[in-house]
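Chemist: full-length UniProt numbering applies: residue 1 is where the sequence shown begins, and numbers increase by one.
Glycine included, C-beta positions come from ideal geometry on N, C-alpha and C.
Predicted model, so just to flag it, every value in this text is computed and none were measured.
The following block contains the structure, expressed as structure tokens.
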Amino acid sequence: YCEGKGYTKSLRTIIYEILEELRHVPVGSRQPGKDRKVVLYVHPDVQVALQEEERDFLVAVEKKINRQVIVKSDPLSHIEEFSVIAP
């Protein structure tokens, strides 16, 4: 699971990396009708952590970038992998 590195990042480290990347997503349009969603694909354990104990941080990032972040689980992804889709 460590892919030969001998370690995996902690869940908290992974979440902070995700939140840092989300902070760099372009700010959403304030015009009505414009798509302001960002989709985040993560490992199921990361999804649970983001939607529960780290929810306040996620909400703060959503306000900063003026976009809703939709967190989706990808059970096939490695726990350290994530992707941000921001149209």
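Decide if residue 78 is buried, meaning its Cβ has at least 16 other Cβ atoms within 10 Å, or exposed.
Modeler: As a working note, residue 78 is residue 78 in the sequence shown. Classification of residue 78: exposed, given that the 10 Å Cβ count is below 16.
Chemist: Go through the segment 11 to 62 residue by residue and report every complete run of the alpha helix (DSSP H) that reaches 4 residues or more, in order.
Modeler: 11 to 23, 44 to 51
Chemist: Could you say which of 41, 36, 23, 71 lies nearest to residue 52 if we only look at CA atoms?
Modeler: As a first step, residue 52 must be located in the sequence shown, where it is residue number 52. Here the closest residue by C-alpha is 71.
Chemist: Where residue 37 and residue 69 are concerned, what is the direct C-alpha to C-alpha distance, given to the nearest angstrom?
Modeler: For the purposes of this step, residue 37 is taken as residue 37 along the sequence shown, with counting starting at 1. For the purposes of this step, residue 69 is taken as residue 69 along the sequence shown, with counting starting at 1. If you draw a straight line from the Cα of residue 37 to the Cα of residue 69, it is about 6 Å long.
Chemist: Return helix, strand or coil for residue 72, following the three-state DSSP convention.
Modeler: Here the question's residue 72 lines up with position 72 in the sequence shown. Here residue 72 sits in strand by DSSP.
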